[in-house]
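Asker: Here's a structure for you.
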Amino acid sequence: MSSISLNTGLVIASILFFLGFLGVMIRRNILFMLISVEIMLNAAGLAFIFAGARYNAPDGQVMFIFILTMAAAEVAVGLALLIQVYQKFKTLDSDAASNMRG
Amino acid sequence: MYDFLWLVPTLPFLGFLILALFGKKLGKTLSAFVGVGSIGIAALITILIGIRFLSSPPEGDAFVQTLWTWIAVDRFNVNIALHLDALSLVFTFVITFVGFWIHLYSVEYMADDESFSRFFAYMNLFVGAMLLLVLGDNLLLLYLGWEGVGLCSYLLIGFWYKDSANGYAARKAFIVTRVGDAAMAIGLFLLFYSFGTLNIEQILTQAPQTWSVGNNLAVIATLLLLGGAVGKSAQLPLQVWLPDAMAGPTPTSALIHAATMVTAGVYLIARMHGIYELAPVSMLVVAIVGAATLLVAGFAGITQVDIKRVLAYSTISQIGYMFLALGVGAWSAAIFHFMIHAFFKALLFLGAGAIILAQHHEQNMFKMGGLAKALPVTFWTFLIGSGSLAALPLVTAGFYSKDAIIWFAWSGEGGNIYLWAAAVFGAFITAFYTFRMVFVTFFGQQKIDVSHFPKWTIHVPLIVLAFFALFGGFIELPGTMGHFTLFSDFMKSALPAIEETAHENVSLEYFSQILTAVLALVSIYLAYVLYLKKQQIVTNFTDTSFGKGLQQFFLSGLGFDWLYERLFIRPYVWIARTNKRDFIDLFYVFLPWMSRQFHYAFSYTQSGKVRRYILGIALGAVVSITIVVIL
Chain A
1 MSSISLNTGL
11 VIASILFFLG
21 FLGVMIRRNI
31 LFMLISVEIM
41 LNAAGLAFIF
51 AGARYNAPDG
61 QVMFIFILTM
71 AAAEVAVGLA
81 LLIQVYQKFK
91 TLDSDAASNM
101 RG
Chain B
103 MYDFLWLVPT
113 LPFLGFLILA
123 LFGKKLGKTL
133 SAFVGVGSIG
143 IAALITILIG
153 IRFLSSPPEG
163 DAFVQTLWTW
173 IAVDRFNVNI
183 ALHLDALSLV
193 FTFVITFVGF
203 WIHLYSVEYM
213 ADDESFSRFF
223 AYMNLFVGAM
233 LLLVLGDNLL
243 LLYLGWEGVG
253 LCSYLLIGFW
263 YKDSANGYAA
273 RKAFIVTRVG
283 DAAMAIGLFL
293 LFYSFGTLNI
303 EQILTQAPQT
313 WSVGNNLAVI
323 ATLLLLGGAV
333 GKSAQLPLQV
343 WLPDAMAGPT
353 PTSALIHAAT
363 MVTAGVYLIA
373 RMHGIYELAP
383 VSMLVVAIVG
393 AATLLVAGFA
403 GITQVDIKRV
413 LAYSTISQIG
423 YMFLALGVGA
433 WSAAIFHFMI
443 HAFFKALLFL
453 GAGAIILAQH
463 HEQNMFKMGG
473 LAKALPVTFW
483 TFLIGSGSLA
493 ALPLVTAGFY
503 SKDAIIWFAW
513 SGEGGNIYLW
523 AAAVFGAFIT
533 AFYTFRMVFV
543 TFFGQQKIDV
553 SHFPKWTIHV
563 PLIVLAFFAL
573 FGGFIELPGT
583 MGHFTLFSDF
593 MKSALPAIEE
603 TAHENVSLEY
613 FSQILTAVLA
623 LVSIYLAYVL
633 YLKKQQIVTN
643 FTDTSFGKGL
653 QQFFLSGLGF
663 DWLYERLFIR
673 PYVWIARTNK
683 RDFIDLFYVF
693 LPWMSRQFHY
703 AFSYTQSGKV
713 RRYILGIALG
723 AVVSITIVVI
733 L
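Top to bottom, those sequences are chains A and B. For the first sequence, our numbering assigns the number 1 to the initial residue and increments by one for each residue that follows. For the second sequence, our numbering assigns the number 103 to the initial residue and increments by one for each residue that follows.
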């Protein structure tokens with residue numbers, strides 16, 4: 001198994017993270033925002049995997065399973081909210097749900 | 103028996119609570135039972151305690167009942183404690199006893215009033231506050247009662263609040279007495295600063311050790327206390343509120359003038375006699391205030407046409423006598439006159455109330471007349487009260503009490519011939535305006551039909567009070583007539599006896615007594631001639647421009663209202679007008695304005711748009727990471 005250096009791995013993870021983050025920031029559709037958050041979570045998971053492989057420690061994989069579980073729970077809540085928002089506003093535009101502004 | 107002392111002030115307060123909370127539901131009969139009963143039981147307990155006090159005086163001639171600790175902060179300790187000695191016993195007796203008859207009388211007087219239970223609630227609170235004032239063993243408790251009395255006078259003077267004039271009179275009474283109260287509060291601070299305690303006994307025992315006679319602090323403190331006394335007791339220069347206080351129901355006036363409120367000033371000075379003795383200057387001021395007031399009020403009384411205003415000015419004048427007695431050091435004579443005055447002044451006010459009730463609430467004496475036949479009991483009792491007020495020689499109680507003061511104004515340690523002359527002349531005027539009132543009201547032609555014949559609830563209080571106004575004086579007879587000194591012997595345990603400088607001179611005392619007696623009779627005859635036989639003389643005089651001006655001047659209470667209007671009210675109103683946008687307030691207005699601007703600025707960031715928030719989080723993260731990396 002040819003090894004990719006930790007540096008390269010972290011760079012890839014950071015790029016993925018910022019892609020996700022950019023998506024959350026510029027998308028108005030809640031579904032895509034949710035997907036972007038998933039991407040960010042996976043970027044973090046990727047960073048753990050790289051680090052685990054580099055130091056030969058199982059902790060990285062354990063952390064990844066944690067993140068996976070948390071992401072599944074988060075998606076369940078997120079999608080439920082998404083359905084509620086859609087029923088209420090007939091749109092998935094996040095700006096439509098700005099009633100609670102100060 | 104002494105252990106029941108706490109019930110005396112508690113019962114009226116309890117009566118007030120019941121009437122204030124359930125008054126509407128109780129109905130008139132039950133309200134009357136609660137209102138009159140609470141004072142009646144308190145009076146009964148007071149009399150029992152009084153008998154016990156006379157038969158076996160408590161240790162040290164004073165009984166202290168500490169109920170609980172009110173305030174305890176560092177060195178500042180104030181208890182809710184009652185202090186009973188000869189002085190407070192006399193006051194408690196008069197307040198509850200005279201107060202009870204006034205309450206009983208009110209049952210009939212107020213029978214048709216829709217706010218029946220409210221009236222009795224206020225009256226009970228009034229009596230309770232006054233009892234707290236005289237029984238309190240420290241100055242703070244006294245001050246609590248003092249302010250309570252002020253509050254109740256405000257409530258009762260403005261009792262018929264639907265007429266705005268009554269509200270005005272109530273506010274006037276409240277604000278004018280407040281001026282004196284402020285002075286008194288400063289006096290209390292000064293006393294606490296000097297002695298570190300507000301306990302009256304402690305102050306009185308420490309004062310001679312800390313202050314020498316004529317000490318500046320003693321003079322200032324006593325003058326400040328005098329300020330409070332002057333306000334409450336309606337003495338010069340704060341006497342203007344009392345004539346207007348006639349706006350309240352008549353039993354209220356009886357209560358204010360006889361048992362509560364206006365005598366508080368006399369009590370305060372008598373109670374603090376120990377520090378007044380250290381300040382001879384203040385004593386002289388007290389005497390001069392008394393002498394001046396009794397003359398000013400006497401002159402004002404001559405021309406009044408409202409029967410209640412005559413009585414109001416007579417009260418001011420009689421309290422002036424008490425102040426005069428206090429000022430010359432005749433402590434027990436002042437308290438004696440207070441007690442006798444309470445009897446006959448309550449009697450006169452209740453009699454005046456019966457007359458007003460019988461005359462369709464007409465208060466102008468000159469529209470009445472000829473009531474002697476229609477209201478015989480009222481007439482005879484009113485005559486006794488008037489005789490007592492006018493100090494009719496030998497037969498009335500008022501003669502003995504007033505005679506003592508007049509004599510001590512000359513022979514007492516602070517007395518001199520000028521004070522004596524003022525007191526004698528005041529007695530002359532008093533007899534004149536008192537019998538002017540009697541002749542105009544009861545004799546001559548009857549002008550208004552009698553609309554209400556009093557029942558027993560009015561007659562009994564009148565007769566009982568008349569008895570005391572007639573015979574109450576025999577417990578203290580002057581040196582020239584048997585020298586029977588039951589009252590001043592009793593007071594000796596609480597107040598120092600007077601040191602007479604001219605006591606040996608019996609012929610002088612005879613001269614003084616005979617002169618006042620003759621003057622009283624002459625002035626009654628003068629009133630008889632001028633207001634019954636030859637009224638022409640009076641009308642001829644008042645028709646001249648000088649006579650008219652003089653009459654107007656006296657009628658307005660010697661123009662004090664006019665003076666104060668220009669001296670204080672108008673400048674104050676002017677300042678209030680010009681400074682409508684209070685410049686001191688500007689700073690405090692600026693503070694909320696600024697915080698509201700911040701509020702707008704920050705609420706703008708709460709757009710409700712999730713993307714903005716995320717941007718905020720991102721920027722925050724970048725900034726904090728940058729800081730961590732750089733540092």
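Beta carbons: idealized from backbone N, C-alpha and C, even for Gly.
In chain order, what residues of the same chain lie with their CB nearer than 7 Å to the CB of B:Leu628, ignoring the 5 residues before and after it?
Answerer: Phe534
Asker: By a C-beta neighbour count over all protein chains shown, 10 Å radius and 16 as the cutoff for buried, is A:Gly102 buried or exposed?
Answerer: In this prediction, A:Gly102 scores a pLDDT of 49, lower than 50, which makes its location untrustworthy; no coordinate-derived value is stated.
Asker: Under 6 Å Cβ to Cβ from B:Pro495, same chain only, skipping five residues before and after it: list those, please.
Answerer: Phe501 and Ala619
Asker: Going residue by residue through the region 187 to 251 of chain B, where are the continuous alpha helix (DSSP H) segments of at least 4 residues, counting only ones entirely within it?
Answerer: Scanning the region 187 to 251 of chain B from its first residue to its last, the whole alpha helix (DSSP H) runs of 4-plus residues come out as 188 to 211 and 218 to 237.
Asker: With 8 Å as the threshold, decide whether the Cβ of B:Ile727 is near any Cβ in chain A.
Answerer: no
Asker: How about B:Val180 and B:Leu242: are their beta carbons less than 8 Å apart?
Answerer: Between B:Val180 and B:Leu242, the C-beta spacing is below 8 Å.
Asker: Starting from the Cα of B:Gly403, find the closest Cα among B:Pro111, B:Thr536 and B:Lys274 and give me that residue.
Answerer: B:Thr536
Asker: Give me the Cα-Cα distance between B:Phe228 and B:Phe704, rounded to the nearest whole angstrom.
Answerer: Across the structure, B:Phe228 and B:Phe704 are spaced so that their CA atoms are roughly 55 Å apart.
Asker: Is A:Asp93 helix, strand or coil when you go by DSSP?
Answerer: strand
Asker: Helix, strand or coil, according to DSSP, for A:Val85 in the structure here?
Answerer: helix
Asker: Looking at chain A, is there any beta carbon in it that lies within less than 8 Å of the beta carbon of B:Val712?
Answerer: Taking Cβ atoms only, chain A reaches closer than 8 Å to B:Val712, which makes this a yes.
Asker: What three-state label does DSSP hand A:Ile4 in the structure shown?
Answerer: DSSP places A:Ile4 outside both helix and strand once states are collapsed to three, so it counts as coil.
Asker: Given that A:Tyr99 touches chain B, what residues does it touch there, using C-beta distances under 7 Å?
Answerer: According to the sequence provided, residue 99 of chain A is Asn. The question's Tyr does not apply to it. Those within 7 Å of A:Asn99 in chain B are Gly710.
Asker: Counting only C-beta atoms, is B:Ala720 closer than 8 Å to chain C at any point?
Answerer: No chain C appears in the structure shown, which is made up of the protein chains A and B.
Asker: What residues match up with B:Asn181 in a beta bridge as DSSP calls it?
Answerer: B:Thr171
Asker: State the Cα-Cα distance for the pair B:Ala460 and B:Asn301, rounded to the nearest angstrom.
Answerer: 49 Å
Asker: To the nearest angstrom, report how far apart B:Tyr702 and B:Ile719 are at their CA atoms.
Answerer: 21 Å
Asker: Helix, strand or coil: which one does DSSP assign to B:Thr587?
Answerer: strand
Asker: Closest Cβ-Cβ distance between A:Asp93 and chain B: below 8 Å?
Answerer: no
Asker: Given a threshold of 16 other Cβ atoms within 10 Å of its Cβ, counted over all protein chains shown, does B:Arg679 qualify as buried or as exposed?
Answerer: exposed
Asker: Using a Cβ cut-off of 7 Å, pull out every chain A residue sitting near B:Ile716, in sequence order please.
Answerer: Val24 and Met25
Asker: Quick one: grab the DSSP three-state call for B:Asn466.
Answerer: strand
Asker: When burial is assigned at 16 or more other CB atoms within 10 Å of the CB, is B:Glu578 buried or exposed?
Answerer: buried
Asker: Please go through the same chain and pick out, in chain order, the residues whose beta-carbon is closer than 7 Å to the beta-carbon of A:Ile30, but skip the five residues on each side of it.
Answerer: Leu82, Val85, Leu92 and Ser94
Asker: Quick check on B:Trp664: buried or exposed, where buried means 16 or more other Cβ atoms within 10 Å of its Cβ?
Answerer: exposed
Asker: From what residue to what residue does the alpha helix (DSSP H) around A:Asn42 run?
Answerer: DSSP places A:Asn42 in the uninterrupted alpha helix (DSSP H) bounded by Ile30 to Tyr55.
Asker: Going by CA-CA distance only, name the one from B:Ser208, B:Tyr378, B:Ala164 and B:Ile182 that's closest to B:Lys138.
Answerer: The question names Lys, but residue 138 of chain B is Val in the sequence shown. When each option's Cα is compared against that of B:Val138, the closest is B:Ser208.
Asker: Pop quiz: B:Phe655 and B:Gly649 are said to be a contact at Cβ under 8 Å. What is the actual Cβ separation, rounded to whole angstroms?
Answerer: Not quite, the Cβ-Cβ distance comes to about 11 Å (not below 8 Å), so this is no contact.
Asker: Could you name the residues of the same chain whose beta carbon sits closer than 8 Å to that of B:Phe401, not counting the 5 residues immediately before and after it, in chain order?
Answerer: Ile531, Phe656 and Leu660
Asker: Pairs of beta-carbons, one from the region 543 to 560 of chain B and one from the region 203 to 219 of chain B, closer than 8 Å: are there three or more?
Answerer: Short answer: they touch.
Asker: Between the region 4 to 36 of chain A and chain B, which residues of the former have CB atoms less than 9 Å from a CB of the latter, in chain order?
Answerer: Residues of the region 4 to 36 of chain A whose Cβ lies closer than 9 Å to any Cβ of chain B, in chain order: Phe21, Val24, Met25, Ile26, Arg27, Arg28, Ile30 and Met33.
Asker: Whole angstroms is fine: what's the gap from B:Asp687's alpha carbon to B:Trp695's?
Answerer: Distance between the alpha carbons of B:Asp687 and B:Trp695 is about 12 Å.
Asker: List the whole-angstrom C-beta distance separating B:Gly574 from B:Gly514, where the pair is believed to meet the contact cut-off of C-beta under 8 Å.
Answerer: Their Cβ separation, rounded to whole angstroms, is 23 Å, which puts B:Gly574 and B:Gly514 out of contact at 8 Å.
Asker: Determine the direct distance from the alpha carbon of B:Ile409 to that of B:Ile565, and round the result to whole angstroms.
Answerer: Straight-line Cα distance between these residues: approximately 20 Å.
Asker: Run the CB neighbour count on B:Tyr378, radius 10 Å, all protein chains shown included, and call it buried at 16 or more, exposed below.
Answerer: buried
Asker: CA-CA distance, B:Asp163 and B:Pro310?
Answerer: 20 Å
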